[in-house]
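**Q** Attaching a single structure in structure tokens format; questions to follow.
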Amino acid sequence: MIVRDFNIEKKTDRNVANERWTSTRLLLADDGMGFSFHITTIEAGSEHTFHYKNHFESVYCISGEGEIEDLATGEVHQITPGVMYALNLHDKHTLRARKELVLACCFNPPVTGKEVHRADGSYAAAD
Numbered sequence: 007m008i009v010r011d012f013n014i015e016k017k018t019d020r021n022v023a024n025e026r027w028t029s030t031r032l033l034l035a036d037d038g039m040g041f042s043f044h045i046t047t048i049e050a051g052s053e054h055t056f057h058y059k060n061h062f063e064s065v066y067c068i069s070g071e072g073e074i075e076d077l078a079t080g081e082v083h084q085i086t087p088g089v090m091y092a093l094n095l096h097d098k099h100t101l102r103a104r105k106e107l108v109l110a111c112c113f114n115p116p117v118t119g120k121e122v123h124r125a126d127g128s129y130a131a132a133d
């Protein structure tokens with residue numbers, strides 16, 4: 007059984023950040039679960055374009071307010087507490103936070119915790 011406390015893990019190297027978001031990785035590839043699980047906070051007023059070409063991601067909004075735009079179709083969906091979205095087609099998207107967003111995220115394949123977003127908004131393929 008794996009038990010981790012977000013309040014502890016956010017003070018360790020499992021907490022990854024840039025200037026406009028933080029992500030605490032509670033489960034990683036080396037945990038052997040087949041997915042990774044993160045709590046990610048997106049700063050209010052920020053905008054991020056991602057394209058997880060090598061990963062599937064599902065996201066559940068815990069708190070905040072924003073929107074996600076599917077860059078292939080132009081569709082915009084509102085993100086509020088209780089809303090989930092899944093990038094089942096490796097969808098290139100832009101996430102905008104009107105109010106700080108707190109999100110629960112799962113990645114498959116799981117991330118290792120060492121990934122960095124590349125210029126195209128993706129992570130490299132898992133080894």
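Numbers given in my numbering equal positions in the sequence shown, counted from 1, plus 6. Beta carbons are placed, not taken as given, at the ideal position from N, Cα and C, and that holds for glycine.
Check for me: the beta strand (DSSP E) holding N13 runs from which residue to which?
**A** Unbroken run through N13 is the alpha helix (DSSP H), F12 to E15; no beta strand (DSSP E).
**Q** What residues are listed by DSSP as bridge partners for Y4?
**A** In the structure displayed, the chain extends from 7 to 133; residue 4 sits before or after that span and is not available.
**Q** Between which two residues does the beta strand (DSSP E) harbouring E53 extend?
**A** Run containing E53: E53 to F56, per the beta strand (DSSP E) assignment.
**Q** Using the beta-carbon count (16 or more within 10 Å), is T79 buried or exposed?
**A** Label assigned to T79: exposed.
**Q** Would you mind giving the Cβ-Cβ distance between G88 and R31, rounded to the nearest angstrom? I have them listed as a contact below 8 Å.
**A** The Cβ separation is near 23 Å, so there is no contact.
**Q** Mark H99 as exposed unless 16 or more other C-beta atoms lie within 10 angstroms of its C-beta, in which case mark it buried.
**A** Result: buried.
**Q** Between C111 and T46, is the Cβ-Cβ spacing less than 7 Å?
**A** Yes; because the gap between Cβ atoms is below 7 Å, this pair is in contact.
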